[in-house]
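Written out below as structure tokens is the structure these notes cover.
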Amino acid sequence: MAAFVWTPSVGANLSMRPSVRRVAFGDGYEQRLRFGLNTQPECWGLEFRGLSTIEASEIDAFLRARGSVEPFEWTSPAGTQGKFVCDDWSRSVEEPDLETVRANFRQVFDP
618 MAAFVWTPSV GANLSMRPSV RRVAFGDGYE QRLRFGLNTQ PECWGLEFRG
668 LSTIEASEID AFLRARGSVE PFEWTSPAGT QGKFVCDDWS RSVEEPDLET
718 VRANFRQVFD P
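Residue numbers in the sequence shown follow our numbering, run continuously in steps of one, and reach 728 at the last position.
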């Protein structure tokens, strides 16, 4: 499995959305239950600022090669090591040979 080796800029955002099943009853009551073994995957919003065109192209090529299907190994800014996929990313040119890549990494729990 490939490893994502680039270091994001300061200011990464962690968001959590626990895997929960909900049942709403007609009288306003709700019942909640954790669903699955790994119920709290991490989702990271990342920016890679100040990249050369070559560095931005390398990140872009890495993410395209996996196409949001194949997971990769990555260590989050919080120190969580695991398997992640990148569901979406963007690349912007600030000026010649100065680019920014923005990406959203989602933790997965493949066998």
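The beta-carbon is built from N, C-alpha and C at its ideal position, and this holds for glycine as well.
query, result
"Where does PHE701 fall in DSSP's three states?", "strand"
"Please classify PHE642: is it buried, with 16 or more other beta-carbons within 10 angstroms of its beta-carbon, or exposed?", "exposed"
"Give every residue of the same chain whose Cβ lies closer than 6 Å to the Cβ of PHE726, excluding the five residues on either side of it in the sequence, and list them in chain order.", "ASN655"
"With a CB to CB cut of under 7 Å and the five nearest residues on each side skipped, what residues in its chain are close to ASP714?", "SER669 and THR670"
"Near GLN724, which residues of its chain fall below 6 Å by C-beta distance, leaving aside the five closest residues on each side in sequence?", "PRO658, GLU659, GLY699 and PHE701"
"Does the Cβ-Cβ distance between ILE676 and PHE665 come in under 8 Å?", "yes"
"Which residues in the same chain have their Cβ closer than 6 Å to the Cβ of LEU691, if we skip the five residues on either side of it in sequence?", "Going by the sequence as given, residue 691 is Trp instead of Leu. Excluding sequence neighbours, TRP691 sits near PHE621 and PHE701."
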